[in-house]
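There are 2 protein chains.
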Amino acid sequence: MRDVAERAGVSLKTVSRVINAEAGVTPATAERVTEAIAELGFERNDLAASLRHGRSSHTLGLVIEDVANPFYSAVAQAVEAVARDRGFLLITASAREDAVRERELVAALLRRRVDALLIVPAGPDHRYIASSSRAVFLDRPPHGIEADTVLLDDLGGARDAVEHLIAHGHTRIACVADDAGLYTMRERISGYREALKKAGIDEDPSLVVTGNRDVAAAQAAVTRLLSLPRPPTALFTANNRNTIGALHALRDAPGPAALAGFDDFELADLLGTTVVRADPWKLGEQGAGLAFARLDGDDGPPRTVTIPTELVPRGSGER
Amino acid sequence: MRDVAERAGVSLKTVSRVINAEAGVTPATAERVTEAIAELGFERNDLAASLRHGRSSHTLGLVIEDVANPFYSAVAQAVEAVARDRGFLLITASAREDAVRERELVAALLRRRVDALLIVPAGPDHRYIASSSRAVFLDRPPHGIEADTVLLDDLGGARDAVEHLIAHGHTRIACVADDAGLYTMRERISGYREALKKAGIDEDPSLVVTGNRDVAAAQAAVTRLLSLPRPPTALFTANNRNTIGALHALRDAPGPAALAGFDDFELADLLGTTVVRADPWKLGEQGAGLAFARLDGDDGPPRTVTIPTELVPRGSGER
DNA sequence: TTGTAAGCGTTATCAG
DNA sequence: CTGATAACGCTTACAA
Numbered sequence: 033m034r035d036v037a038e039r040a041g042v043s044l045k046t047v048s049r050v051i052n053a054e055a056g057v058t059p060a061t062a063e064r065v066t067e068a069i070a071e072l073g074f075e076r077n078d079l080a081a082s083l084r085h086g087r088s089s090h091t092l093g094l095v096i097e098d099v100a101n102p103f104y105s106a107v108a109q110a111v112e113a114v115a116r117d118r119g120f121l122l123i124t125a126s127a128r129e130d131a132v133r134e135r136e137l138v139a140a141l142l143r144r145r146v147d148a149l150l151i152v153p154a155g156p157d158h159r160y161i162a163s164s165s166r167a168v169f170l171d172r173p174p175h176g177i178e179a180d181t182v183l184l185d186d187l188g189g190a191r192d193a194v195e196h197l198i199a200h201g202h203t204r205i206a207c208v209a210d211d212a213g214l215y216t217m218r219e220r221i222s223g224y225r226e227a228l229k230k231a232g233i234d235e236d237p238s239l240v241v242t243g244n245r246d247v248a249a250a251q252a253a254v255t256r257l258l259s260l261p262r263p264p265t266a267l268f269t270a271n272n273r274n275t276i277g278a279l280h281a282l283r284d285a286p287g288p289a290a291l292a293g294f295d296d297f298e299l300a301d302l303l304g305t306t307v308v309r310a311d312p313w314k315l316g317e318q319g320a321g322l323a324f325a326r327l328d329g330d331d332g333p334p335r336t337v338t339i340p341t342e343l344v345p346r347g348s349g350e351r
Numbered sequence: 033m034r035d036v037a038e039r040a041g042v043s044l045k046t047v048s049r050v051i052n053a054e055a056g057v058t059p060a061t062a063e064r065v066t067e068a069i070a071e072l073g074f075e076r077n078d079l080a081a082s083l084r085h086g087r088s089s090h091t092l093g094l095v096i097e098d099v100a101n102p103f104y105s106a107v108a109q110a111v112e113a114v115a116r117d118r119g120f121l122l123i124t125a126s127a128r129e130d131a132v133r134e135r136e137l138v139a140a141l142l143r144r145r146v147d148a149l150l151i152v153p154a155g156p157d158h159r160y161i162a163s164s165s166r167a168v169f170l171d172r173p174p175h176g177i178e179a180d181t182v183l184l185d186d187l188g189g190a191r192d193a194v195e196h197l198i199a200h201g202h203t204r205i206a207c208v209a210d211d212a213g214l215y216t217m218r219e220r221i222s223g224y225r226e227a228l229k230k231a232g233i234d235e236d237p238s239l240v241v242t243g244n245r246d247v248a249a250a251q252a253a254v255t256r257l258l259s260l261p262r263p264p265t266a267l268f269t270a271n272n273r274n275t276i277g278a279l280h281a282l283r284d285a286p287g288p289a290a291l292a293g294f295d296d297f298e299l300a301d302l303l304g305t306t307v308v309r310a311d312p313w314k315l316g317e318q319g320a321g322l323a324f325a326r327l328d329g330d331d332g333p334p335r336t337v338t339i340p341t342e343l344v345p346r347g348s349g350e351r
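Each protein sequence line maps, in turn, to chains A and B. Here the numbering used here is used: the first residue of the first sequence is 33, the next is one more, and so on. Here the numbering used here is used: the first residue of the second sequence is 33, the next is one more, and so on.
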C-alpha cells in the first residue's frame with residue numbers, strides 16, 4: 033500500500049480512502065491511485081484490515097461431524113449461502129464425533145477470530161466455549177452452557193414414524209440407531225418408545241439395536257434382527273446411515289419388512305422408502321440467522337429453535 | 033497480551049515466548065505467565081501473529097461448485113483432511129457454476145491471504161488469478177494460465193463405459209450430459225464418440241442430449257429419448273445428476289434400457305447401476321498434496337495429475 | 001534468562 | 001480534500 037501511495041504521489045490514508053470508496057477524494061486523485069493500484073497489482077490485506085478495527089474479517093466458523101454426510105453437507109451449504117449473502121466467508125471443519133478434535137477445532141477457529149461459531153457438538157462438555165463468544169449449536173444442544181440452539185423435532189418425528197408403522201398393523205417394530213449417547217438418538221428412541229406405549233405395545237429390548245455408526249454396521253444389525261426366531265415385521269431406522277444399511281439388509285432378506293426411516297435421502301423416492309423428513313437446509317439457515325442476529329446486536333437470552341419434521345409415505349412403511 | 037504481561041509481572045516478549053513454547057524461560061516465570069493467561073482467559077490472536085511474519089495463518093481456500101453435490105463434498109472432505117494433518121484450516125466456498133461469483137470468491141480468499149487456493153474452475157478465463165499465488169485446479173483445467181491441475185480420466189472413463197454397453201450388444205446408445213461447455217462434459221462426450229467410432233457405429237445426433245444441469249432436467253431428457261420413434265436401447269449418463277435423473281425416467285419407462293453412468297453414487301450398488309467410478313477423495317487429496325508441495329518449496333513447472341477411472345459392472349449395463 | 005524497539009498492513013484520529 | 005501519526009496484537013532482532 034505504501035508502494036501505491038508513493039507511485040500515486042499521495043499519502044497512505046488517501047490510498048485507503050480510495051480502496052474503501054470513502055467520500056472526500058478528488059476524482060483526479062482517485063484516478064491516479066486507481067491506476068497505481070492496477071499497475072502494481074495491489075491487493076488489500078483483509079487480515080490486516082480486520083486487525084485494526086477489532087471486527088474479525090467477516091468469517092463464520094462451522095464445526096460439523098462430517099462434510100461428506102449429505103445431511104451435514106446440506107447444513108454447510110445453507111450456512112454458507114446465508115454467510116455469503118452478508119459478505120461473510122465460511123471456515124468448515126469436521127470433528128468426526130471426536131470430542132478432542134472438536135475442542136481443537138473450536139480453539140483454532142476462535143484464535144482465528146471468527147465472528148461466530150456454528151457447531152454440531154460432539155463433546156460431553158462445552159463450558160470451554162467462552163459464553164462471550166458467539167456460538168450457535170446445531171442439531172444437538174450444548175452441555176454446561178446456555179447458548180442459541182437449533183434442533184430438529186427428533187422425538188416428534190420418530191414418534192410419527194413409528195405410529196405410522198403401528199397404524200399399518202405392525203406390533204413387532206425394531207429400532208435401529210446410531211450411538212445411544214448422541215442426543216438425537218436418545219430423543220428418537222424416546223419417540224419410538226412413546227409411540228409403542230401409546231399403542232399399548234410392550235417394548236421388546238432385543239429389537240432395539242444402537243451403536244451403528246455407519247452403513248455397514250447398520251446392515252449387519254438389521255440382518256441379525258431379521259434372522260431372529262421371531263423377527264420384527266417393521267423397522268424404524270433412526271438416521272440416514274441406518275436407513276441405507278437397512279435397505280441393503282432387506283434386499284438380501286428372506287422375508288419382507290416394513291421400513292420407516294428418520295432423514296430423507298437422495299433416491300428415497302425412487303426406492304419407495306417412507307421417511308420422516310427434517311430439512312437440513314433449514315437447520316443451517318436458522319442457525320446462521322441466529323448468529324447474525326447476535327452480530328447485529330441482539331443480546332436477549334439464548335434462544336432454541338426447533339425445526340418441524342414431516343412424514344413422507346412412499347410405500348415401504350405402508351405394507 | 034499486554035494485560036497478561038502486566039499481571040505476571042513480565043514483559044510482552046516473555047508472554048510470547050511462553051505461548052509459543054520457546055526455549056529460554058525459567059519454569060517459575062513460565063508458571064506465572066501460564067496462570068495469568070488462565071485467569072484472564074487470554075487467547076492468542078492468530079490473525080495478528082500471521083500478519084507479523086508474512087505467512088498467512090495456515091489456511092487453504094477451496095472454491096467448489098456446490099458443497100451439497102456428493103462428488104464435491106467428498107473432494108472437500110479430502111482436502112480438509114489433508115489440510116488438517118498439516119494444521120491448516122479450510123475456507124470452502126461454492127461458486128455454483130457462476131463465473132462472476134467465482135471471481136469474487138477467489139478475490140475474497142486471496143485478500144484473506146490463504147496460503148493456497150484449490151479451485152474447480154467455472155469461468156472462461158483465469159488469468160486474473162495471479163500466477164504468483166499458489167493455485168491448484170481441480171476437475172477442470174485452467175484457461176489462460178499454467179498451473180497445477182488434477183483431472184479425472186474423463187475421456188477414458190466414458191469410452192470404457194460406452195464400450196461396455198457396445199460389448200453387450202447395444203448400438204443405439206444415447207449420451208445424456210450436463211452443459212457441453214464444461215470441460216468434463218466435452219471430454220466425456222469425446223469418449224462416447226470414440227467408443228462409437230471404434231465400433232464402427234454412426235453417431236445419431238438426436239441421441240446426444242446436453243445441458244441437463246439437475247436431476248429433473250436429466251429425467252425429462254431421458255423420458256423424451258425413450259419416447260422417440262426409435263428409442264435408444266442403452267444410455268450413457270455423463271455425471272451423477274444425469275444418472276439419477278435417468279434412473280427416475282427408467283422407472284416410469286415403457287421398455288427397459290441398459291444404463292452406464294459416469295460417477296459412482298451412494299446406493300448405486302443397491303440399485304444395480306453400472307458406473308465408471310472416479311474417486312473424488314483422490315482428486316481432493318492429490319490437489320491438496322500439490323498445494324502443500326508448493327508451500328514446501330517445490331518450484332518446478334506446473335504439473336498435471338490424472339486420476340484413473342474404474343468400470344464397476346452392477347447389472348444395469350449388462351442387459 | 002529477560003526486555004526494548006521496531007515493524008507487519010491496514011484504519012482512525014485529528015490536524016493542515 | 002489531504003496527510004502525519006498512532007494504534008490493532010503479535011513476532012523478530014538485538015540488547016541487557
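Beta carbons: idealized from backbone N, C-alpha and C, even for Gly.
query	result
Cutoff 8 Å: A:Gly73 Cβ touching any chain B Cβ	yes
From B:Ala285, B:Asn52, B:Asp295, B:Pro286, residue whose alpha carbon lies closest to that of B:Ala193	B:Asp295
Whole-angstrom C-beta distance between A:Leu149 and A:Val138, which should lie under 8 Å	7 Å
C-beta atoms of B:Leu267 and B:Val208 nearer than 8 Å	yes
Which listed residue (B:Ala106, B:Val307, B:Gly287) has its alpha carbon closest to that of B:His196	B:Val307
Own chain, CB closer than 6 Å to A:Gly319, minus 5 neighbours either side, in chain order	Leu150, Val168, Leu170, Val182
Contacts that A:Glu298 makes with chain B (C-beta to C-beta distance below 9 Å)	Pro102, Val247, Ile276, Phe297, Glu298, Leu299
Residues in the region 119-135 of chain A having any Cβ partner in chain B nearer than 7 Å	Leu121, Leu122, Ile123, Thr124, Ala125, Ser126
Where A:Val47 falls: helix, strand or coil (DSSP)	helix
Whole-angstrom distance between A:Thr91 and A:Met33, CA atom to CA atom	23 Å
Sub-8 Å separation of A:His246 and A:Arg218 beta-carbons	One point to set straight first is that residue 246 of chain A is Asp, not His, in the sequence displayed. Against a cut-off of 8 Å, the Cβ pair of A:Arg218 and A:Asp246 comes out as no contact.
Span separating the alpha-carbon of B:Gly189 from that of B:Phe297	15 Å
Proximity test, Cβ basis, 8 Å: A:Asp147 and chain B	no
Paired residues, beta bridge with B:Asp180 - DSSP	B:Val168
Top-ranked residue by Cα proximity to B:Pro340, from B:Leu94, B:Leu184, B:Ser259	B:Leu184
Residue from B:Arg225, B:Leu279, B:Ser82 whose Cα sits closest to the Cα of B:Asp236	B:Arg225
Segments of 4+ residues assigned as alpha helix (DSSP H) that fall wholly inside the region 260-291 of chain A	272-283
Per-residue DSSP class, three states only, for A:Gly329	coil
For A:Ile222, the three-state DSSP class (helix, strand or coil)	Note on residue identity: the sequence assigns Ser, not Ile, to residue 222 of chain A. Helix at A:Ser222.
Nearest residue (CA-CA) to B:Ala14, options B:Ser259, B:Gly243, B:His280, B:Thr255	No information on residue 14 of chain B is available, as it lies outside the stretch 33 to 351 that chain B covers here.
Assigned exposure category for B:Asp210 - 16 Cβ within 10 Å defines buried	buried
Nearest residue (CA-CA) to B:Asn52, options B:Ala81, B:Gly41, B:Ala70	B:Ala81
Classification of B:Val99 by the beta-carbon crowding that lies within 10 angstroms, buried from 16 upward	buried
Buried or exposed by the 16-neighbour rule on C-beta atoms within 10 Å, applied to A:Arg283	exposed
CA nearest to the CA of B:Ser259, picked from B:Ser105, B:Ala289, B:Asp234	B:Ala289
Any chain B beta carbon closer than 8 Å to A:Asn2	Residue 2 of chain A lies beyond the residue range present for chain A, which begins at 33 and ends at 351; the question has no answer from this structure.
Given 8 Å, three or more beta-carbon pairs between the region 71-81 of chain A and the region 93-110 of chain A	no
Interface residues of chain B facing A:Glu112 [CB-CB closer than 9 Å]	Val99, Thr124, Ala125, Ser126
Environment of B:Leu158 [buried if 16+ CB atoms lie within 10 Å]	The question names Leu, but residue 158 of chain B in the sequence shown is His. Per the 10 Å Cβ criterion, buried.
Min CB distance A:Ser105 to chain B below 8 Å	yes
Cβ neighbour criterion (16 or more within 10 Å) applied to A:His85	exposed
Best match in A:Leu299, A:Ile198, A:Thr305 for proximity to B:Leu279 [C-alpha to C-alpha]	A:Leu299
Contact belief for A:Gly93 with A:Leu44 at Cβ below 8 Å, rounded distance in angstroms	Not really, about 32 Å apart at Cβ, beyond 8 Å.
One or two residues paired with B:Thr336 in a DSSP bridge	B:Thr181
Length of the line joining the Cα atoms of A:Glu112 and A:Asp147	14 Å
Proximal chain A residues relative to B:Ser89, where beta-carbon distance stays under 9 Å	Leu79, Arg143, Arg144
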